[in-house]
Amino acid sequence: MAPSVTVKLGGATLLAASAFAASPSSYGYGHNSTTASPTPTITSDASYSSTTFNASAASTYLPLTDFSNEQLAFLWDQVGSISTAAIHTTVSPTPEPSVYPKPGYLHPLVPAYVSEVESAKLPEDFLWGVASAALQVEGAVDAEGKGPSVWDFIPHRWVNSIADNSTADVAANQYYLYKQDNARLKALGIPAYSFTISLARVIPFGKGPVNEQGIAHYDDVFANMEANGIKSVVTLFHWDTPLALFNSYGAWTSRDIVADYVRYAKLIIERYDKYVTVWYTFNEPQYCNWRFSNYPYGTLLPSYNGIGNGGLKAEFLCGHYTLLAHAEVYQWYKNVYKGTKPMSFKNSANWILPNSTSAADAEAVTRVNDFNMGWFGGPWTDGDYPASLRSTLGDLLPTFTQAEKDMIKGSADFYALDGYTANVAAAPPNGIAACAANASDPNYPTCALTATTYADGFPIGPNSDPGATWLWSTPGGIRPYLSFIANKYFPKVASKGIVVSEFGFSDPYESSFDTLAQILWDLRRADYMQGYLDNILAARALDGVNITGIFAWAIYDNFEWNSGLSTKFGLQYVNLTSQERHPKASMFQFLNWFKLHGLDSTATANITAPIGHKRM
Ligand code: NOJ
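Residue numbers (mature numbering (1 follows the signal peptide of the UniProt record, and there is no 0)): -21 to -1, 1 to 595.
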């Protein structure tokens, strides 16, 4: 299928550029001629005009003022036909089993990694649980007045952009099964759930009226979490930008997004603050909604703000407006609303090893850190970007006013790290300086090479599913990384604390298993859980890093963005036909670890794992 689409906006219809390539004859003027025709003489149409169409030259925003049902229907037509789940009304929970099937003595759980912390305990107020994101688990994407997000659009309209051609239309159907899911969390003794709110469910067009049904849904979700005694850790935005904002002004490449996001954030915070334990404004701004490359999808969506087909300009505009939006919400929350809950944003970053002891490789490590966590490090520094970004990127990097820097500086109560893996970094063969001075260099602007093998060629750890080629199990990296963040990179973080807000693993080829017997003993994920948890605890108990929380990704299998439904990250398996969930061995590994390290569990289920936790 050709990647063209009809975009209906404000009653007008925009056609992809190719659709305008018709010669005048196809309008019925003149004859069906194959010879080059001269400028036609128009006699029958007084309003005739012509132009050269070029979608990527779009510069005039389309005003978003029509919030009618018809307009919502146009938006969904832009996405295409949505699949509906067999279960499409809210389900009441069924009783949880008193004991779950779990690993037995023939293959016990994975032994401890760090023997020195085997008896270390976590404090009573340590926050832990499992995590998810609305787009990845909710399903019901067009139900009850929700508007489409760009992540509804991509799987449907960007041909072959999702590895397995799946969509998030149904996913784990949490929209209807949340009561059952919360009952499961309670029964397993998981005290907190880190989940996200769908902006397009609450404000279908991203601006304009609030959707009453969407709000009623989240009202009930919070009430149900409260009834089950599960703490809510809430991310306001996890990449699912309303499609209407792309159509109107190019979403995160426009400063207009700041006001629209802030309005939404205030609305959610004012309504739900009393239920929430921790707020995150953004998930992993480093990826800017996964869409800085090819933003805004070639010719599928209008290209505003001079970003052409995306790339660096889009990436750094997106990061810029994200930081401003975050900081504005933070300052309002603390200084105007007088909110008392901790607030931060989640960072995607990893421990980087140098490939050698050379000064050039050490600089490569610094550059990877600067272009990753340093980019969003303003809250922990002077409110600005690192000097290495400024000197390399020049005009590609927008500037903050002094007032904006002051607003960004200090605008986070703790550091939140989504720390999944590690990498080895080396300077490029032509040298960092030559690369940094040449915007056409293939390694520009980071100007560092990264690898997942050591210098001797051996892999840094067991690899993950082919849908997550970036992910290698490297538990030895998380401990020094946490110390590095707290003591060297962002020393201001040390007193405030670090939450490991996500970590998780995707076992290779899990989607090719078709029986529960094959799926449930997920050894690599279980090993990953134990290794990371032990090393995080070692950072806290032995190295003195103020770790205040841990969240595992993910509550269950879900829609892994461009890798689709077949790259599995769940501690629970989801049967995509029946929607039943089954805890995997990794879930028991995770639960058993918290049981051993001192937190009270209110579990009604017997989660005691058999032997095997001692290092042999
Ligand atoms: C972090 C992201 O927040 C989440 O959406 C994603 O599924 C996991 N990483 C795994 O890739």
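From the three backbone atoms N, C-alpha and C, an ideal C-beta is built for every residue, glycine too.
Cβ-Cβ distances below 8 Å link Tyr266 to Trp218, Ser327 in the same chain, with the five nearest sequence neighbours on each side left out; the list follows chain order. At least one heavy atom of the ligand NOJ sits closer than 7 Å to the Cβ of Asp397. The ligand NOJ has a heavy atom closer than 7 Å to the beta-carbon of Gly483. Rounded to whole angstroms, the separation of the alpha carbons of Pro82 and Pro358 is 44 Å.
Secondary structure of His196 (DSSP, three-state): helix.
If only uninterrupted beta strand (DSSP E) runs of at least 3 residues are considered, those enclosed by the region 474 to 545 are 477 to 481, 526 to 532. In the three-state reduction of the DSSP assignment, Phe225 falls in the helix class, which pools H, G and I. Relative to the Cα of Ala533, the nearest Cα in the group Pro562, Asp513, Asn514 belongs to Pro562. By alpha-carbon distance to Ile247, the top candidate from Arg163, Tyr283, Tyr312, Asp385 is Tyr312. Per DSSP, the unbroken beta strand (DSSP E) holding Asp397 starts and ends at 394 to 397. By the Cβ neighbour-count rule, Ala202 is exposed, with fewer than 16 other Cβ atoms within 10 Å of its own. Nearest to Gly208 by alpha-carbon distance, out of Pro134, Ile169, Pro377, is Ile169. Between the C-alpha atoms of Tyr316 and Pro407 there is a straight-line separation of about 49 Å.
By the neighbour-count definition (other C-beta atoms within 10 Å, threshold 16), Ala206 is an exposed residue. Considering only Lys186, Tyr154, Pro470, the residue with the shortest C-alpha distance to Pro42 is Lys186. Counting the other CB atoms within 10 Å of its CB gives Asp24 a total below 16, which places it among the exposed residues. About 11 Å separates the CB atoms of Val129 and Ala147; that is not less than 8 Å, and the two are not in contact. Lys475 counts as buried, since at least 16 other C-beta atoms from the protein chains shown sit within 10 angstroms of its C-beta. Judged by DSSP secondary structure, Val78 falls outside any beta strand (DSSP E); it is assigned neither H nor E.
Taking Gly577 as reference, the option from Ala99, Leu88, Tyr40 with the minimal CA-CA separation is Ala99. Distances between the C-beta of Ala171 and the heavy atoms of the ligand NOJ are all 7 Å or more.
Residue environment analysis places Phe437 among the exposed positions, since fewer than 16 neighbouring C-beta atoms fall within 10 angstroms of its C-beta. When distances are taken from the beta-carbon of Glu117 to the heavy atoms of the ligand NOJ, even the shortest one reaches 7 Å or more. By the Cβ-count criterion, Trp449 is exposed, with fewer than 16 other Cβ atoms from all chains shown falling within 10 Å of its own Cβ. For Asp444 against Glu489, the beta-carbon gap comes to about 7 Å, under 8 Å, which counts as contact.
Within the region 392 to 474, the complete alpha helix (DSSP H) segments of 4 residues or longer fall at 411 to 415, 454 to 463, listed in chain order. In the three-state DSSP reduction, Leu88 falls in the coil class, being neither helix nor strand. Beta-carbon to beta-carbon, Tyr309 and Ser390 are separated by about 4 Å, close enough to satisfy the 8 Å threshold.
Taking every protein chain shown into account, the CB of Thr345 has 16 or more other CB atoms within 10 angstroms, so this residue is buried. Put simply, the backbone Cα of Phe132 is about 23 Å away from that of Thr260. Taking 8 Å as the upper bound for CB-CB distance, Pro459 and Trp330 are in contact here, some 6 Å apart. Secondary structure of Asn326 (DSSP, three-state): strand. When C-alpha distances from Leu303 are compared across Glu342, Tyr364, Gly229, the shortest belongs to Tyr364. Taking the Cβ atoms as the reference, Gly108 lies roughly 5 Å from Tyr172, within the contact range of under 8 Å. Residue pairing by DSSP places Asn571 in no beta bridge whatsoever.
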